[in-house]
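Step one of this worksheet: look at the structure below.
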Amino acid sequence: MSISSLVTRTTLGSAVRTKIICCRFPGETSMPLSNVEYVALRLVRKFLFTDASLMRIGRLLPYYQANIGMQSPYPIVQGWGRALGGAEPYRGVRILELGSGATNSAAYCLASQGAERVYAVEPFRSLDAAADSIALRTVAADAGCVPDDLAARVARIGNVEDVDEASIDLVVSHSVLEHLSEPEAVLRSLDRVLAPGGCMCHAVDFRDHFFKYPFHFLQFEKHTWTRWLDPGDLPRWRLSDYLRLFDKLGYRAEVPVQESDAAGYAKIRDRVSKDFDRDDPTMSVTLVTLVARRAA
Ligand SMILES: C[S@@+](CC[C@H](N)C(=O)[O-])C[C@H]1O[C@@H](n2cnc3c(N)ncnc32)[C@H](O)[C@@H]1O
Numbered sequence: 007m008s009i010s011s012l013v014t015r016t017t018l019g020s021a022v023r024t025k026i027i028c029c030r031f032p033g034e035t036s037m038p039l040s041n042v043e044y045v046a047l048r049l050v051r052k053f054l055f056t057d058a059s060l061m062r063i064g065r066l067l068p069y070y071q072a073n074i075g076m077q078s079p080y081p082i083v084q085g086w087g088r089a090l091g092g093a094e095p096y097r098g099v100r101i102l103e104l105g106s107g108a109t110n111s112a113a114y115c116l117a118s119q120g121a122e123r124v125y126a127v128e129p130f131r132s133l134d135a136a137a138d139s140i141a142l143r144t145v146a147a148d149a150g151c152v153p154d155d156l157a158a159r160v161a162r163i164g165n166v167e168d169v170d171e172a173s174i175d176l177v178v179s180h181s182v183l184e185h186l187s188e189p190e191a192v193l194r195s196l197d198r199v200l201a202p203g204g205c206m207c208h209a210v211d212f213r214d215h216f217f218k219y220p221f222h223f224l225q226f227e228k229h230t231w232t233r234w235l236d237p238g239d240l241p242r243w244r245l246s247d248y249l250r251l252f253d254k255l256g257y258r259a260e261v262p263v264q265e266s267d268a269a270g271y272a273k274i275r276d277r278v279s280k281d282f283d284r285d286d287p288t289m290s291v292t293l294v295t296l297v298a299r300r301a302a
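In this text, residue positions in the sequence shown follow the numbering used here: the first is 7, and each later residue adds one.
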């Protein structure tokens, strides 16, 4: 499929169409060939896909592997555990999971590993009852538990505000922070519910979620990104931005698990938009699990 036919089908205005056919956006000097594919896919994602259709076909396309918890909660829960350390990091702990997705699978898994209570907070996705039921029964069977006993310790809610102040020992999230348009407001709401001595553990994926091009989205200036390419939930914050935010909120954040792709970043470094500091050492970071505790 050529770029021009794709763009015609999106019924974009002619000025924009011309710019795309020229493979150039306002503020960008020129584009490598890979951007033709990249921009076309981003436009299709933004203007033609709904979230529902994306969920339906997403499992078939490597570009759209969202909501990993739908596949298996175990890597997610093990990842938090690795970052937290200790033999049984969840036993007797009151946990809030931010952004559970379409099922409570990670919450059931945390309950099966001894969590006292788990709030699965999901404001935007409705529960996929069939998938959730399978997840509950699978986790219960794997752990040798009664499904109803696990379910009784899990509450799915739509808002952090519904949780009592200072009632949570551990806040966790997986692939959520990178989607927040107002991370400061969200972290402040989590701070309210965290008990003294409690901590947060967030797994964050800093890659462009077209995983074939993990850093391509850094080429575009904010206006271009927001108006034409952002699917609506990728504000492109870098690790250093989150570390500064935790610091501002009085937290000491550590990054015990971190992966980078220096070679991938090097390919795009010279094209990075002036909105970013291309020499920021965290620019090539792809995945982290960070642990944040209130500074003493
Ligand atoms: C990429 S999905 C990850 C889902 C699940 N944690 C997983 O890893 O499979 C991001 C989730 O974060 C949720 N989310 C986005 N903004 C949120 C917010 N302000 N508070 C809570 N959840 C939010 C979305 O609705 C979505 O379900």
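From the three backbone atoms N, C-alpha and C, an ideal C-beta is built for every residue, glycine too.
Taking 8 Å as the cut-off, is the C-beta of residue i nearer than that to any heavy atom in ligand 1?
| i | result |
| --- | --- |
| Ile163 | no |
| Ser266 | no |
| Glu128 | yes |
| Arg198 | no |
| Leu133 | no |
| Ala112 | yes |
| Asp236 | no |
| Ser181 | yes |
| Ile174 | no |
| Ile82 | yes |
| Val99 | no |
Going by DSSP, name the residue or residues bridged to residue i.
| i | result |
| --- | --- |
| Glu265 | Leu293 |
| His208 | Ser179, Leu296 |
| Tyr271 | In the DSSP output, where bridge partners are listed per residue, Tyr271 has none listed. |
| Ala126 | Glu103, Arg162 |
| Tyr257 | Arg300 |
| Ile140 | Paired residue(s): none; Ile140 is not in a bridge. |
| Leu200 | Ile174 |
Is it right to say residue i is buried, meaning 16 or more other beta carbons lie within 10 angstroms of its own, or is it exposed?
| i | result |
| --- | --- |
| Gly105 | buried |
| Leu200 | buried |
| Thr295 | buried |
| Ala298 | buried |
| Gly203 | exposed |
| Cys28 | Only weak support is given to the placement of Cys28: the predicted model assigns it a pLDDT of 41, under 50, and the question is left unresolved by the model. |
| Ile274 | buried |
| Asp214 | buried |
| Pro287 | exposed |
| Phe226 | buried |
| Pro95 | buried |
| Arg48 | buried |
| Ala268 | exposed |
| Met289 | buried |
| Pro220 | buried |
| Gly6 | No answer is possible for residue 6: it lies beyond the span of the chain, which begins at 7 and ends at 302. |
| Leu235 | buried |
| Ala113 | buried |
Do residue i and residue j have their CB atoms nearer than 9 Å?
| i | j | result |
| --- | --- | --- |
| Ser111 | Asp154 | no |
| Glu190 | Lys254 | yes |
| Leu224 | Phe282 | yes |
| Arg97 | Arg123 | no |
| Glu103 | Ser179 | yes |
| Phe130 | Leu193 | no |
| Asn41 | His229 | no |
| Leu186 | Pro241 | yes |
| Ser118 | Cys151 | yes |
| Val127 | Val166 | yes |
| Ala125 | Arg88 | Contrary to the premise, residue 125 reads as Tyr rather than Ala in this sequence. Going by C-beta atoms, Tyr125 is not nearer than 9 Å to Arg88. |
| Gly85 | Val263 | yes |
| Ala309 | Leu142 | Lying outside 7 to 302, the shown extent of the chain, residue 309 is not represented and no answer is given. |
| Val291 | Phe212 | yes |
| Pro79 | Arg277 | no |
| Trp231 | Glu184 | no |
| Val177 | Cys207 | yes |
| Arg300 | Arg258 | yes |
Any beta carbon of chain D sitting closer than 9 Å to that of residue i?
| i | result |
| --- | --- |
| Val152 | In the structure shown, chain D does not exist; there is a single protein chain. |
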